[in-house]
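Trainee: My questions all concern the structure below.
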């Protein structure tokens with residue numbers, strides 16, 4: 001009787017270890033799936049992209065600026081550009 005109880009406990013321990021291994025594999029697969037799927041980022045405003053700070057495939061952090069959008073609007077946007085004279089071609 002005691003031998004049967006020990007055998008059943010051993011079988012239970014082995015089964016629980018296998019379930020833990022399967023759960024770890026599921027978690028790993030889930031993580032890989034989320035990293036491989038496309039993420040779409042939508043601007044809260046309409047406009048024209050003026051600058052892009054990151055490249056496709058780069059990791060980014062929450063709150064990190066990804067690009068600059070010049071908003072569409074009624075008023076024209078005036079931009080002043082300061083450049084050294086050696087950059088100007090005559």
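In the UniProt record's numbering, the protein residues as written are 1 to 90.
Where is the CB? At the ideal position from N, CA and C, for every residue including glycine.
Since residue 50 contacts residue 69 with CB under 8 Å, what's their CB separation in whole angstroms?
Mentor: 7 Å
Trainee: Please tell me whether residue 66 and residue 48 are closer than 8 Å, where the distance is taken between their beta carbons.
Mentor: no
Trainee: Skipping 5 residues on each side, what residues in its chain have a beta carbon closer than 6 Å to that of residue 61?
Mentor: none
Trainee: Using alpha carbons as the reference points, say which of 57, 52 and 23 lies closest to residue 37.
Mentor: The shortest Cα separation from residue 37 among 57, 52 and 23 belongs to 57.
Trainee: Residue 71 and residue 45: beta carbons closer than 8 Å?
Mentor: yes
Trainee: Could you give the DSSP three-state label for residue 8: helix, strand or coil?
Mentor: helix
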